[in-house]
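Below is one structure, written out as structure tokens, with a few remarks after it.
Number of protein chains: 2
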Amino acid sequence: MGEATRQSVVVLLGAGRVATHLAPALLSAGYRVGQVWSRTMASACALADPLGIPCTDDLRAVITDADIYIACVADEALPGVTKALVASLEAASGNPLLLHTAGSVPLDVWREAGARRYGILYPLQTFSKERAIDMREVSFFVEASSEESSAAVEALARSLSRMVFHADSRRRALLHIAAVFACNFTNAMYAAAHHLLAADDIPFDVLLPLIDETAAKVHTLTPREAQTGPAVRGDHQVMQAHLERLSSMPELQHLYEQMSRMIVTTHNSQPTAHNS
Amino acid sequence: MGEATRQSVVVLLGAGRVATHLAPALLSAGYRVGQVWSRTMASACALADPLGIPCTDDLRAVITDADIYIACVADEALPGVTKALVASLEAASGNPLLLHTAGSVPLDVWREAGARRYGILYPLQTFSKERAIDMREVSFFVEASSEESSAAVEALARSLSRMVFHADSRRRALLHIAAVFACNFTNAMYAAAHHLLAADDIPFDVLLPLIDETAAKVHTLTPREAQTGPAVRGDHQVMQAHLERLSSMPELQHLYEQMSRMIVTTHNSQPTAHNS
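Top line first, the protein sequences correspond to chains A and B.
The opening position of the first sequence corresponds to residue 1 in the working numbering, with each subsequent residue numbered one higher.
The opening position of the second sequence corresponds to residue 1 in the working numbering, with each subsequent residue numbered one higher.
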């Protein structure tokens, strides 16, 4: 399997954050990336040119003899892109594997597009174009239309990462929601802190050791065990002082109240066992 | 100063998380920790015995010839502890430096207790007894009653950490609030994710690479630049699906709505320049 897989030709549909990180990872895993499609020629070529990959903005011009097609487009664009892709490939003789990378779009989007052999390759990570990501450390969640295609997606995922799991669409959606809390909302908390300090010209960087330790702690403690601060201590005097200080920022004040309430509830309800 | 400082005798008041991390850091910085006081003998000795330090639960029995006294007690306990300490030291001939480590308690708590030479040694970090902390990487914020005591607190802080800053009580309280968002509320987001995954028997550990990268990103990008996810993408379809999925958890559903709103607001308002 290893060798066969490694000579496969992959077409990337989309040139956003996920595609931008997948392309070099696929190349270094030994795949040939035969083409990059994007809605605009500019974005397609911005990703493809530096890697010496042909690019197009026309779904009818997508090469039809690739082994794997990976759609990395915005969720709302997926139904349109999957249908157009399946239509372009209809005439072709091959039976390629059609994948998408979205956390919250069900496998059915491919069935509804009329695809025969399809699946999901969902990388649970936050991708920014400015940052390199070690794909071997990214958790990939895979799902497919059949035993055979499932094995093929898993082989692809394993060639990119050492952390590959199977998850049906229901579980994948749950993982995506959990990721929104653990990553997107966490970053929004950093932004709130940044905003507070910037008002007093205090550099955000003074918080970095704290931010790092907060992330490091949950490698060895459950979040419940790792929780510190006024709320979990029941330090109402401090919480009151903080709420007064935030009176000029009603949104942050409300958030402070709600999070503090949640910390108390969670702490009195959630399991302690480290879930691993 | 170096040598003088290193031979100073320190008394720790409190045996909680901060004291537990300060004691060994003081010892390895060359201080002699002359005594540990705590409200209960059990907690005082639990910290002191393994380090060969005398312990007591009687504030009137605190040794009076130490050079530095550091109160690491809960904020609401500080007024009582500082008053009792000053009273115990009244008869003594020395003029020790009296410090506390609280983020949100003003310097005045010492003045009100009748202290002469006092200050603040605030470590901006999340301390759990289960985890070792490299104190040299902890941001310390210092404040004091005079130029002379300010220099003394700074010397103490610099012997423990390479990151020492001056901050008056107003700025220190702001730093504490920012830390609550960046650490305590961030950890509460991890807890929410843990809770979501546990309901489906998915190990929390699959999120660790994501959590680590989310923290790592804000070392090189502002939180605003680092923001990813459905809210900042304006992906209403995904947000709607997530909110429906959270309908059985109204608290998390409300939080999801509010955080998503905040991400959109922040993204349209906050400065992009990396604050460092």
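Just so you know, even glycine gets a beta-carbon here, dropped at the ideal spot from N, CA and C.
Per-residue burial, residue i [other beta carbons within 10 Å of its own, 16 or more giving buried]
| i | result |
| --- | --- |
| leucine 51(B) | exposed |
| asparagine 184(A) | buried |
| glutamate 143(A) | buried |
| lysine 217(B) | buried |
| glutamine 240(A) | exposed |
| aspartate 67(A) | buried |
| aspartate 134(A) | exposed |
| threonine 20(B) | buried |
| glycine 94(B) | exposed |
| arginine 6(A) | Caution is warranted here: a pLDDT of 43 is assigned to arginine 6(A), below 50, making its placement in the model unreliable, and the coordinate value is therefore given only provisionally. Classification for arginine 6(A): exposed. |
| proline 250(A) | exposed |
| aspartate 65(B) | exposed |
| glutamate 148(A) | exposed |
| threonine 228(B) | buried |
| alanine 4(A) | Note that alanine 4(A) has pLDDT 46, beneath the 50 cutoff, so the model's placement of it is unreliable and the number below is only indicative. Alanine 4(A) is exposed by the Cβ-count criterion. |
| glycine 114(B) | exposed |
| aspartate 49(A) | exposed |
Residue i versus the options, residue with shortest Cα-Cα distance
| i | options | result |
| --- | --- | --- |
| serine 247(A) | Gln237(B), Ile177(B), Ser88(B) | Ile177(B) |
| serine 146(A) | Ala61(A), Val11(A), Phe204(A), Leu98(A) | Leu98(A) |
| phenylalanine 181(A) | Ala193(B), Glu90(B), Arg17(B) | Ala193(B) |
| histidine 219(B) | Pro123(A), Arg131(A), Leu78(A), Val33(A) | Arg131(A) |
| alanine 167(B) | Ile211(B), Leu107(B), Val138(B) | Leu107(B) |
| alanine 102(A) | Asn268(A), Ser93(A), Ala71(A) | Ala71(A) |
| proline 79(B) | Val105(B), Asp65(B), Met249(B), His236(B) | Val105(B) |
| histidine 236(A) | Ser260(A), Trp37(A), Leu255(A), Met249(A) | Ser260(A) |
| proline 209(A) | Ser161(B), Leu174(B), Leu196(B) | Ser161(B) |
| proline 54(B) | Arg39(B), Ser38(B), Gly34(B), Ser43(B) | Gly34(B) |
| proline 123(A) | Val86(A), Trp110(A), Arg172(A) | Arg172(A) |
| phenylalanine 141(A) | Leu174(A), Lys129(A), Ala113(A) | Leu174(A) |
| threonine 214(B) | His242(A), Met163(A), Asn187(A) | Asn187(A) |
| alanine 61(B) | Val73(B), Leu47(B), Ser38(B), Leu252(B) | Ser38(B) |
| aspartate 58(B) | Ala46(B), Leu13(B), Ala191(B), His195(B) | Leu13(B) |
| aspartate 200(B) | Ile211(B), Arg233(B), Arg245(B), Pro230(B) | Arg245(B) |
DSSP-derived helix/strand/coil call for residue i
| i | result |
| --- | --- |
| tyrosine 122(B) | strand |
| histidine 242(B) | helix |
| leucine 98(A) | strand |
| glutamine 270(A) | Per-residue confidence for glutamine 270(A) stands at a pLDDT of 49, beneath the threshold of 50, marking its modelled position as unreliable; no derived number is given. |
| isoleucine 70(B) | strand |
| arginine 32(B) | strand |
| glutamate 3(B) | Only weak support is given to the placement of glutamate 3(B): the predicted model assigns it a pLDDT of 47, under 50, and the value that follows is read from those uncertain coordinates. Helix at glutamate 3(B). |
| glutamate 90(A) | helix |
| glutamine 227(A) | coil |
| proline 250(A) | helix |
| aspartate 108(A) | helix |
| phenylalanine 127(A) | coil |
| threonine 20(B) | helix |
| lysine 264(B) | For clarity, residue 264(B) is valine in the given sequence; the question names lysine instead. Three-state result, valine 264(B): helix. |
| threonine 64(B) | coil |
| valine 232(A) | helix |
| proline 50(A) | helix |
| glycine 114(B) | coil |
| serine 8(A) | coil |
Where residue i meets chain A, residues with beta-carbon distance less than 9 Å
| i | result |
| --- | --- |
| arginine 117(B) | Chain A residues near arginine 117(B): none, gap ~26 Å exceeds 9 Å. |
| cysteine 183(B) | Met189, Ala193, Leu207, Leu210, Ile211, Glu213, Thr214, Thr228, Gly229 |
| serine 124(B) | A small fix is needed here, since residue 124(B) is leucine in this sequence, not serine. Here the neighbours are Val206, Leu207, Pro209, Leu210. |
| isoleucine 263(B) | Asn184, Phe185, Asn187, Ala188, Ala191 |
Partners in chain B for residue i, counting only beta-carbon separations shorter than 8 Å
| i | result |
| --- | --- |
| phenylalanine 140(A) | None at all; the shortest Cβ gap to chain B is about 10 Å. |
| threonine 101(A) | By Cβ distance, chain B contributes nothing, its closest Cβ being about 13 Å from threonine 101(A), past 8 Å. |
| serine 128(A) | Lys217, Leu221, Glu225, Ala226, Thr228 |
| valine 11(A) | None at all; the shortest Cβ gap to chain B is about 23 Å. |
| leucine 246(A) | Ile177 |
Residues that DSSP places opposite residue i in a beta bridge
| i | result |
| --- | --- |
| tryptophan 37(B) | Leu13(B), Thr56(B) |
| glutamate 143(B) | Ile120(B) |
| valine 164(A) | Phe140(A) |
Contact list for residue i against chain B, beta-carbon separation under 7 Å
| i | result |
| --- | --- |
| glutamate 137(A) | Pro209 |
| alanine 178(A) | Ala193, Leu196, Leu197, Leu207 |
| leucine 160(A) | The premise fails here: leucine 160(A) is roughly 13 Å from chain B at the closest Cβ pair, so nothing lies under 7 Å. |
| valine 238(A) | Asp75, Ser104 |
| alanine 200(A) | For the record, residue 200(A) in the displayed sequence is aspartate; it is not alanine. Chain B residues near aspartate 200(A): Arg171, Leu174. |
Chain B residues whose Cβ lies nearer than 9 Å to that of residue i
| i | result |
| --- | --- |
| leucine 166(A) | A small fix is needed here, since residue 166(A) is histidine in this sequence, not leucine. Those within 9 Å of histidine 166(A) in chain B number zero; the least Cβ separation is about 12 Å. |
| arginine 131(A) | Glu213, Ala216, Lys217, Thr220, Leu221, Ala226 |
Amino acids of chain A, ordered along the chain, whose beta-carbon sits closer than 8 Å to that of residue i
| i | result |
| --- | --- |
| aspartate 235(B) | Ala74, Asp75, Glu76 |
| glutamine 258(B) | His254, Leu255, Gln258 |
| alanine 241(B) | Ser104, Ala173 |
| threonine 266(B) | Ala188, Ala191, Ala192, His195 |
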